[in-house]
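Numbering (our numbering), first residue to last: 1 to 566.
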């Protein structure tokens with residue numbers, strides 16, 4: 001086969017004309033996915049049958065890019081690897097693998113040994129299965145066939161589960177109300193540890209028993225317990241679904257495809273009700289737990305509601321993440337924060353059969369006035385070009401968008417997807433009732449803070465992000481256009497232009513000048529225009545306009561009588 005490189009304008013390679021080329025893709029290979037899944041099982045020891053570079057690249061490019069994490073006791077430079085070179089390509093690597101497994105069992109203590117074979121053994125035809133079978137009388141050993149060219153890390157996660165189902169699991173009596181959790185791919189989903197912990201606590205709160213499969217202590221026991229479940233939950237629109245179907249065929253365990261890990265009270269409550277019905281948990285118990293959690297979270301939301309109503313009302317935002325993360329954050333932003341989702345870029349390269357369902361999840365059931373434009377793309381250059389097409393106030397993406405957001409979009413950025421190098425994530429997550437509050441805590445420092453003196457260095461540095469001198473939340477420059485152009489940003493009740501703060505005007509503060517505030521009143525914004533002085537009563541009324549929809553989550557307990565600032 002002859003490959004012809006076609007370049008676009010200016011000699012630049014076009015990703016569309018040559019789709020095999022991708023700049024900084026948002027996942028590693030199938031070997032990396034299985035490697036990460038193995039490291040996520042406490043007490044499991046991975047054995048890589050591949051070139052040394054495969055292990056090192058995934059050790060640092062996978063775990064480190066997942067919130068600055070390491071691979072644990074058996075990860076990174078500790079991982080046994082056959083280190084295949086040219087000699088083994090010619091003469092085969094089976095003998096070296098045999099010696100490696102033997103010494104690993106002797107030297108490294110583990111409850112499960114997982115041989116993960118890469119591209120070279122697949123190309124030269126090493127009979128890895130027969131070598132692994134020689135050691136099954138000495139220790140639990142399974143083989144995961146993960147040639148890097150067969151797919152990405154999400155497929156590697158599926159292949160790991162396939163190997164576990166075929167090589168380890170045996171029928172067990174069903175435990176009432178026991179559920180397994182699938183679909184959270186270790187490392188590729190950067191919040192996977194916290195999500196598993198949070199979901200376990202939530203489900204146990206309504207009376208279920210939970211086997212998280214990954215992250216919990218127990219290692220081999222957590223895997224062997226999988227067939228005892230009454231129900232399998234797949235919190236992903238596609239990854240993990242095939243494993244759930246295989247478990248249903250082999251052990252008769254039904255599964256529920258929930259598509260995403262919920263963020264915030266609305267979707268979390270719906271998940272608990274749905275699982276409660278499937279497990280036949282009394283509804284009064286489920287509702288009592290939900291009511292107590294909702295009451296607490298909305299109470300705490302009152303502490304941040306005012307800041308977001310003033311500083312980020314109806315923010316136009318983009319989300320760049322894997323499908324399950326994108327669905328969760330788009331829904332939370334639209335349904336509970338009142339944000340306007342403009343763009344959703346799905347980066348995990350889902351199969352064709354799953355894409356229609358993902359689009360429906362991203363565009364249906366949203367309570368805002370619009371829906372996002374949905375793209376399936378993992379090429380970083382293409383993503384950058386798409387972000388340039390429209391003004392945005394918030395970008396939820398990976399570390400690859402951090403400087404693009406600041407310099408090209410003048411938008412606030414938060415890393416929520418792989419790869420993430422700019423923040424440490426241990427067991428933090430945005431799942432559950434309090435997950436939305438955690439996200440707001442992480443992003444608020446970028447646009448809320450002291451009202452710096454106009455002209456100061458700090459103020460000039462913050463101005464491009466859209467801050468104004470009078471209320472720390474003024475619109476971006478008139479040259480940006482977009483959400484601020486021609487009154488596009490409207491109140492949701494009555495469609496009035498929010499011009500008292502300059503929102504909807506071509507210039508910040510234009511409405512104030514039109515109303516004759518004069519040179520003696522108001523303070524200058526960073527672009528030189530003037531705003532009227534804010535008062536507590538005016539902010540209270542404006543806050544109600546910003547959150548005009550009555551079921552707006554953070555407005556639920558907010559009253560016009562409550563002053564904001566004096």
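Ideal Cβ placement from N, Cα and C applies to all residues, glycine included.
All values reported here derive from a predicted model rather than from experimental measurement.
Host alpha helix (DSSP H) of residue i (start-end)
i           : result
residue 265 : 265-279
residue 88  : 86-91
residue 415 : No alpha helix (DSSP H) contains residue 415, which is instead part of the beta strand (DSSP E) from 412-415.
residue 102 : 94-107
residue 193 : 192-205
residue 362 : 352-363
Cβ shell of residue i (< 6 Å), same chain only, five flanking positions each side left out
i           : result
residue 315 : 339, 393 and 394
residue 161 : 243
residue 83  : 52
residue 209 : 177 and 178
residue 269 : 290
residue 12  : Only weak support exists for where residue 12 lies, its pLDDT of 38 falling under 50; the coordinates are left without a value.
residue 122 : 147
residue 38  : 44, 46 and 114
residue 98  : 131
residue 425 : 67 and 190
DSSP beta-bridge partners of residue i
i           : result
residue 81  : 48
residue 317 : 341 and 394
residue 145 : 117
residue 182 : 234
residue 210 : 179
residue 66  : 420
residue 432 : 263
residue 335 : Paired residues: none, contrary to the question.
residue 152 : 29
Where residue i sits in the DSSP three-state scheme
i           : result
residue 373 : strand
residue 38  : helix
residue 257 : strand
residue 388 : helix
residue 223 : helix
residue 346 : strand
residue 187 : coil
residue 475 : Because residue 475 carries a pLDDT of 39, less than 50, the predicted location of this residue cannot be relied on, and the following value inherits that uncertainty. Coil at residue 475, not helix or strand.
residue 239 : coil
residue 31  : helix
residue 112 : strand
residue 135 : coil
residue 312 : coil
residue 304 : helix
residue 445 : coil
residue 400 : helix
residue 326 : helix
residue 129 : helix
residue 427 : coil
residue 216 : coil
residue 379 : coil
residue 247 : helix
residue 73  : coil
Own chain, CB closer than 7 Å to residue i, minus 5 neighbours either side, in chain order
i           : result
residue 257 : 234 and 241
residue 355 : 376
residue 362 : 326, 327, 330, 344, 372 and 374
residue 57  : none
residue 219 : 41, 42, 43, 44, 111 and 112
residue 420 : 65, 66, 67, 190, 398 and 399
residue 514 : The predicted position of residue 514 is uncertain, since its pLDDT is 33 and thus under 50; a value taken from the coordinates is nonetheless stated next. Correct list: empty, nothing qualifies.
residue 171 : 227 and 251
residue 278 : 231 and 256
Contacting residues, own chain, Cβ-Cβ under 8 Å from residue i (five flanking each side not counted)
i           : result
residue 378 : 22, 25, 26, 27, 347, 348 and 349
residue 124 : 88, 89, 92 and 93
residue 437 : 297, 300, 301 and 304
residue 388 : 408 and 409
Any C-beta of chain C under 8 Å from that of residue i
i           : result
residue 317 : Although the question refers to chain C, the structure presented lacks it and comprises just one protein chain.
heavy atom of the ligand ZN below 7 Å from residue i C-beta
i           : result
residue 412 : Although the ligand ZN was asked about, the structure shown includes no ligands whatsoever.
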